[in-house]
Amino acid sequence: MKSFLGSARFTKETTVEAIRECTSAHLRFSLACFPESATPRDWWLATSLMTRDFLTERFLATQEAYQKTQARRLYYLSLEYFLGRLLRQNLLNLGLWDLTAAALKSLGTDLEAVCEEEGEMGLGNGGLGRLAACFLDSLATLRLPAIGYGIHYEFGLFQQDFAHGYQIERPDDWHRFGSPWEMVHPERVQTVHLYGTVEHQEGGCRWTDCRDVLGLPFDIPIAGFGGNTVNLLRLWSAKSTREFDLDAFNRGGYFEAVGEKSFCESITKILYPNDKTEKGKELRLVQQYFFVSCSLRDILRRFEEEHQDWNLLPEKVVIHLNDTHPAIAIVELMRILIDERRMEWERAWDWITRIFAYTNHTLLPEALETWSVSLFHRVLPRHLEILYEINRRLLERVPGTGQIPDGKRRAISLIDENHTKAVRMAHLAVIGSFSVNGVSALHSELLQSRLFPDFSALFPGRFRNVTNGITPRVWLLGANPLLASLLTETLGEGWITDLSGLQELRKFIGDPSFRERYAAIKRANKVRLSDCLREWCGLTADPDALFDVQIKRIHEYKRQHLNLLHILWLYRRLLENPSAEFPPRLFLFGGKAAPGYDLAKCLIKAINAVAVRINSDSRVYGRLQVAFVPNYGVTRASRIIPAADLSEQISTAGKEASGTGNMKLALNGAVTIGTLDGANVEIGEEVGPENIFIFGLTAEQVAERVQEGYNPWEIYESDAELRAILDWIGSGDLTPGEPASVLAPLRHSLLEGGDPFLVLADFAAYLAAQREAERAYRDRARWLSMTMENTASVGKFSSDRSIREYAEGIWRLSSTPASD
């Protein structure tokens with residue numbers, strides 16, 4: 083698209099007039115409309131296109147700097163990027179927010195209203211994708227040479243609605259009308275091979291009779307704060323090599339004529355296809371291979387355009403695997419090196435283990451991907467051969483005798499032979515990478531001691547820790563502008579790129595004027611959220627109530643049901659003793675359950691059923707409310723997080739790798755109630771034990787309890803109140819007009835199901851921590867000091883710090899500024 087920048091080049095002297103002219107030109111020439119007839123969406127598109135012009139100019143300067151210096155580059159492979167809305171963030175990072183607001187105002191338009199027209203890109207779902215987005219922001223802000231690679235999903239995970247309290251999944255057709263941020267590059271299309279057979283010949287082998295798919299790249303510019311560096315996110319969309327079979331159509335095969343097109347486009351149709359069926363599993367494997375194959379081809383193309391000496395590849399290229407999903411890249415690059423480049427095995431494997439690094443994001447066995455050998459062979463026959471050879475050489479390193487591997491050999495093998503033969507992708511990622519890291523101190527320790535102890539012994543020095551972080555540009559500067567303004571006025575702008583500078587806030591915690599302003603901002607954010615809740619949920623919330631927030635993916639290990647049990651306990655207490663001294667409370671939930679996760683869906687139904695009961699009960703009016711925000715995402719999080727008082731981080735100890743919601747909430751002045759799990763441990767160390775509510779079993783105690791033979795029935799029988807709550811859940815009373823069995827699976831999981839995440843074991847300690855939180859909240863001076871201490875103390879959890887640790891300790895990247 084033609085650029086209308088003209089004299090409005092991105093400089094410190096950029097003017098309101100230049101932005102107004104550029105936006106007006108896009109309104110007229112890109113959208114063919116007059117200002118008088120422009121709709122709000124027209125204004126959003128024109129403003130976005132104007133912003134993209136500035137981004138493109140800086141992107142070209144950035145790429146020129148990288149090429150001139152022949153910089154070592156990072157290539158970040160992630161199945162998700164949860165970007166949220168981009169207009170606000172791009173304007174803030176470019177330093178153009180105030181100028182653009184003034185330019186649009188002069189044209190009779192409000193920038194805040196324009197930003198509300200933007201939807202969220204359906205490219206991510208939860209913490210993994212949001213972390214990747216934060217990392218891209220920090221990489222650009224720190225001026226580090228990097229490209230992100232992922233999938234250009236046609237539909238996101240799903241749009242979440244509720245019908246009678248049940249989760250309803252609707253297509254997230256985010257790309258129906260395109261996106262102003264994308265730039266498509268058909269000249270960079272890649273061809274991916276699938277299925278077929280392998281022919282072994284003298285001097286090598288050939289992968290033949292394949293089904294070919296085209297990968298079309300869509301580029302999204304990623305601006306660092308200050309606008310000096312603009313990096314790239316490249317996303318692949320699957321296209322058919324044969325869009326339409328005219329012969330088939332002419333002979334009456336109307337569906338056959340577009341069959342190949344339908345198959346190919348299904349690969350990138352949706353984020354996380356349901357893998358409860360064999361077809362769903364196959365689509366997931368195809369999807370993951372498609373994206374890494376396209377990315378590797380593109381990476382090698384870029385390398386060859388800049389470097390004449392192929393031997394420089396391990397020195398100039400580092401590829402990072404964001405979780406296990408892209409692990410097949412290790413085998414794919416090995417295939418390219420030995421089959422296409424005719425490299426000797428030993429040399430090729432040496433290069434592999436100098437190029438790849440891997441971040442593990444989970445300790446849950448079910449989240450460590452495996453693929454049945456039969457499926458793997460059908461989809462990627464040559465890769466299975468290579469994988470078996472990698473495994474043979476791996477097992478030769480392990481002492482053992484006889485033809486049958488001993489226990490240690492079975493433990494490290496890439497092939498799980500305990501049940502159906504399956505390929506262990508996490509094992510592949512570990513042995514094929516020069517660095518393996520966890521994402522919190524506790525998680526990294528458990529990776530070595532519990533999940534991969536044999537690999538830790540086999541590869542000393544390979545495992546390390548990099549605690550996760552969040553970008554303050556999104557989660558404070560963008561999400562909480564009132565607090566950001568106060569911080570800048572008090573401390574200067576340095577905190578935006580050095581969050582550790584917030585420690586200086588401690589000097590002002592005792593200052594009455596500062597305390598009053600900080601408290602007023604928190605209440606203003608609660609008033610704003612109350613207005614949103616009226617729109618989202620039809621709920622009239624009291625801004626002076628304690629806002630107790632649990633916003634995250636719905637999963638048993640995150641223990642939303644522990645929170646629910648407490649709500650019912652509190653509800654019963656208020657009914658029995660209306661004069662009981664509890665501060666007014668709003669319990670706020672948000673998050674999606676995977677389409678195939680039945681118990682998580684049951685939990686959503688249970689929370690909504692309890693919300694209906696409590697919110698319609700006049701006996702607790704003004705004292706207790708419950709709300710479940712539908713379709714939780716980055717935009718709604720940016721409204722909820724600045725208003726939160728209490729942050730629920732209550733996963734079973736040893737199950738949450740890190741968490742980043744805990745960091746976002748603490749940064750915005752919410753006090754954490756949580757277990758010693760994931761990054762909660764480090765948050766507690768930073769804020770101090772007096773500014774956090776820690777409860778429950780530790781990871782070691784959880785393991786011991788399970789080993790001893792944990793029996794939830796013993797707790798059920800010994801605690802009359804808890805027994806009454808569980809029986810109430812299973813009675814059908816909370817779901818009138820529906821079968822009594824509607825919520826029975828929830829009760830069953832906690833009793834007959836063995837309570838796998840020790841909800842009942844932690845219930846008494848959780849109640850005690852909640853009562854302490856209420857006492858603190860009633861002491862307004864104490865609570866305000868706690869919230870301010872949280873904001874001041876969590877600078878460690880900036881994604882800038884995380885990326886510096888990656889860049890210096892793992893990737894060996896150097897800052898490469900672009901010229902002005």
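In our numbering, the protein residues as written are 83 to 902. Virtual Cβ for every residue (Gly too), placed ideally from N, Cα, C.
Among the options, nearest to residue i - alpha-carbon criterion
i              : options                           : result
glutamine 585  : Gly520, Asp391 and Val769         : Val769
alanine 184    : Lys343, Ala623, Thr96 and Asp593  : Thr96
tyrosine 470   : Ala439, Glu448, Met507 and Leu450 : Met507
leucine 568    : Gly543, Arg597 and Ile352         : Arg597
valine 68      : Gly260, Ile349, Glu803 and Arg635 : Residue 68 cannot be examined here, being either before or after the span of the chain that is shown, 83 to 902.
arginine 134   : Cys216, Glu236, Pro262 and Gly211 : Pro262
threonine 549  : Asp613, Glu764, Ile494 and Lys398 : Glu764
leucine 581    : Val505, Phe458, Ser160 and Ser881 : Ser881
lysine 737     : Phe775, Gln390, Asn442 and Gln152 : Asn442
tyrosine 42    : Arg293, Glu269 and Arg270         : Within the shown structure, residues of the chain are numbered from 83 to 902, placing residue 42 beyond reach of any answer.
tyrosine 859   : Arg252, Val753 and Leu213         : Val753
valine 368     : Gly206, Val295 and Tyr798         : Val295
glutamate 99   : Ser813, Trp318 and Leu178         : Leu178
isoleucine 101 : Leu176, Gln149 and Leu113         : Leu176
leucine 540    : Arg155, Leu477, Phe879 and Glu426 : Leu477
asparagine 697 : Trp618, Glu767 and Ala623         : Ala623
histidine 267  : Ala826, His246, Ile302 and Leu573 : Ile302
alanine 320    : Glu422, Glu347, Phe307 and Ile304 : Glu347
arginine 546   : Gln783, Arg853 and Ser515         : Ser515
glycine 260    : His234, Arg154, His246 and Gln272 : His234
Exposure label - residue i; buried when at least 16 CB within 10 Å
i                 : result
phenylalanine 671 : buried
lysine 674        : buried
lysine 687        : buried
histidine 643     : buried
threonine 311     : buried
tryptophan 893    : buried
tryptophan 795    : exposed
aspartate 192     : exposed
phenylalanine 164 : buried
isoleucine 250    : exposed
tryptophan 431    : buried
lysine 821        : The residue asked about is misnamed: residue 821 is proline in this sequence, not lysine. By the neighbour-count rule (16 or more Cβ atoms within 10 Å), proline 821 is not buried but exposed.
alanine 339       : Interpretation of alanine 339 is limited by its pLDDT of 44, a score under 50 that renders its predicted location unreliable; the figure taken from the coordinates is listed afterwards. Counting Cβ neighbours within 10 Å, alanine 339 comes out buried, since at least 16 surround it.
proline 554       : buried
lysine 187        : exposed
glutamine 283     : exposed
proline 299       : buried
glutamine 485     : Bear in mind that the predicted position of glutamine 485 carries a pLDDT of just 46, short of 50, making it too unreliable to give a figure here.
phenylalanine 240 : buried
glycine 560       : buried
asparagine 645    : buried
phenylalanine 337 : Since pLDDT at phenylalanine 337 reaches only 48, below the 50 mark, its modelled position is unreliable, and no value is offered.
CB-CB length for residue i against residue j, believed under 8 angstroms
i              : j              : result
asparagine 872 : glycine 751    : 6 angstroms
leucine 528    : leucine 445    : 6 angstroms
leucine 353    : leucine 218    : Contact doesn't hold; Cβ gap of about 18 angstroms is too wide.
alanine 128    : threonine 105  : 5 angstroms
isoleucine 401 : isoleucine 381 : 7 angstroms
alanine 691    : leucine 808    : Incorrect: roughly 15 angstroms between the Cβ atoms, too far for contact.
tryptophan 126 : leucine 169    : 7 angstroms
Could you say if the region 144–162 and the region 219–235 meet the contact criterion of at least three C-beta pairs nearer than 8 angstroms?
-> yes
Are the region 703–717 and the region 657–673 touching, with three or more C-beta to C-beta distances below 8 angstroms?
-> yes
Does the pairing of the region 435–444 with the region 405–416 give three or more beta-carbon distances under 8 angstroms?
-> yes
Which whole runs of the beta strand (DSSP E) in the region 302–386 are 3 residues long or more, in chain order?
-> 312–322
Does the region 738–746 come close enough to the region 649–660 to have 3 or more Cβ pairs within less than 8 angstroms?
-> no
Length-filtered (4 minimum) alpha helix (DSSP H) runs lying within the region 622–709 | 642–658 and 680–697
Runs of beta strand (DSSP E) lying entirely within the region 742–816, each at least 3 residues, in chain order | 753–756
Should the region 599–615 be regarded as contacting the region 716–733, the criterion being three or more beta carbon pairs within less than 8 angstroms?
-> In short, these stretches touch, since the Cβ pair count reaches three.
Alpha helix (DSSP H) runs wholly inside the region 112–164, at least 4 long, in chain order = 122–151
Does the region 394–401 come close enough to the region 489–509 to have 3 or more Cβ pairs within less than 8 angstroms?
-> no
For the region 454–464 against the region 360–380, are there 3 or more C-beta pairs whose distance is under 8 angstroms?
-> yes
Output the residue ranges of the beta strand (DSSP E) runs that lie fully inside the region 449–535 and measure 3 residues or longer, sorted by chain position.
-> Entirely contained in the region 449–535, the beta strand (DSSP E) runs reaching 3 residues are, in chain order, 452–454, 504–506 and 517–520.
Would you be able to state if there are at least three C-beta pairs under 8 angstroms between the region 863–872 and the region 192–209?
-> Cβ pair count under 8 angstroms is below three, so no.
Length at least 3, wholly inside the region 525–588: the beta strand (DSSP E) runs in chain order | 545–547
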